[in-house]
Amino acid sequence: MRTLREVGALRTAVAEWKRAGDSVAVVPTMGALHDGHLSLVAAARGAADRVIATIFVNPRQFDNPEDLAKYPRTEDGDAAMLLNGGVDILFAPAPEVVYPAGFATSVSVSGLSDVLEGAHRPGHFDGMATVVTKLLLMTGADLALFGEKDWQQLQIVERLVTDLNIPTRIIGCPTIREADGLAMSSRNRRLAPGDRARAGALYRAIAQAADRIGAGEAADTALAEAREALVRAGFTAIDYLDCRDAADLQPMVRADRPGRVLAAAWIGGVRLIDNVAVNAG
Ligand code: AMP
């Protein structure tokens, strides 16, 4: 595995692969890798001849400077995991490489970016959409893999590649969870042991709500009980816990089409997000 930090070197390497007829997949990450990220790498390995993983803690998608400063940075350990996972190139550019002096362009996906996470984290999805667009264009990848863990992000990325005619196929991969259901996340390592022990309640609450809505119950009552369960479990605030159309993310009151229960909630000063499918019938 080669670690590259400049766009020119990355393009040269990818051009060589393409000349040889190899297909290329990219797995964009912010590092602090766990088994969720590695499942994307494994899916990439199975779907393409060559795999690029990127590590870039994108300053533009942090609405809160403290959150950016606290974001874990563990590149040496990450590189060892990616090497083990069969990655060919780790692309880990410095912020000045991605945003050189004079950088003035932003990619903004309206509608999908305004709700849920977008309503609580102003600018977050514009920052994400801008950097993902850049990473897809820098790598020229045929495939890009994203986790369903960040369901809204996945819908926005699918929208932007369609709207901007970016010839990269987007593949969504299932959420990898701890034994108690907690979705793996780089933020989990910030949880104190007592909060970590309680955090599995988030998945249990949304999974139960999704089952009940799927079985025909009105979304309102199932969601209200899920919110109560979170408070009982020790969550201190709920940014949202909603049932939405899986594709356009508009509110859904009953399971008459594919849906998703999505939540963001705080425990021990850590903000966790998760989502599960609502399957009618
Ligand atoms: P991040 O480093 O948090 O920006 O995540 C990089 C990619 O890994 C995104 O596509 C995430 O959706 C995905 N990802 C993060 N956690 C998980 C997980 N528990 N299971 C599957 N994919 C994940």
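Going by numbering that gives the first Met the number 0, the sequence shown opens with residue 0, and the numbers climb by one from there.
By construction, the Cβ of each residue, glycine as well, lies at the ideal position given by its N, Cα and C atoms.
Approximately 4 angstroms separates the beta-carbon atoms of Gly35 and Met183; this is inside 8 angstroms, confirming the contact. Across the set Val108, Val130 and Asp77, the C-alpha of Val130 shows the shortest separation from the C-alpha of Val96. Put simply, the backbone Cα of Ser22 is about 23 angstroms away from that of Arg158. With 16 or more other Cβ atoms inside 10 Å of its own Cβ, Ser38 counts as buried. Residue environment: Ser112 is assigned as buried (16 or more neighbouring CB atoms within 10 Å of its CB, all protein chains considered).
No heavy atom of the ligand AMP is found nearer than 7 angstroms to the CB of Leu222.
Between Ala221 and the set Leu261, Ala46, Ala103 and Pro121, the nearest pair of CA atoms involves Leu261. In the DSSP assignment, Asn274 falls within the beta strand (DSSP E) that extends over Val269 to Val277. Under the three-state reduction of DSSP, Pro250 is assigned to strand. The three-state secondary structure of Val96, taken from DSSP, is helix.
Here the alpha carbons of Pro99 and Glu74 stand approximately 22 angstroms from one another.
Apart from sequence neighbours up to five positions away, the residues of its chain that approach Leu153 with a beta-carbon distance below 8 angstroms are Phe145, Gly146, Glu147, Ile169 and Gly171, ordered along the chain. Setting aside the 5 residues that flank it on each side, Arg49 is surrounded in the same chain by Trp16, Asp21, Val23 and Asp87, each with a C-beta closer than 6 angstroms to its C-beta; the list follows chain order. Counting only the Cα atoms, Asp62 lies some 28 angstroms from Ala140.
Looking only at Thr28, Val108, Asn187 and Gly7, the smallest Cα-Cα distance to Gly122 is reached by Val108. When DSSP reads this structure, Arg243 sits in a beta bridge with Pro250 and Arg259. Here Arg49 is bridged, per DSSP, to Val23.
Remark: the C-beta of Met251 is outside contact range of the ligand AMP, defined as less than 7 angstroms to any heavy atom. In this chain, the alpha helix (DSSP H) harbouring Leu201 covers Ala200 to Gly213. With 6 angstroms as the limit between CB and the heavy atoms of the ligand AMP, the residues that fall short of it are Thr28, Met29, Gly35, His36, Ser38, Leu39, Phe145, Gly146, Lys148, Asp149, Cys172, Thr174, Ile175, Ala182, Met183, Ser184 and Ser185.
Counting C-beta pairs closer than 8 angstroms gives fewer than three between the segment 235-248 and the segment 172-180, which falls short of the contact rule. For Leu163, the secondary structure class from DSSP, reduced to helix, strand or coil, is coil. Note on geometry: alpha-carbon atoms of Leu190 and Trp265 lie some 11 angstroms from one another.
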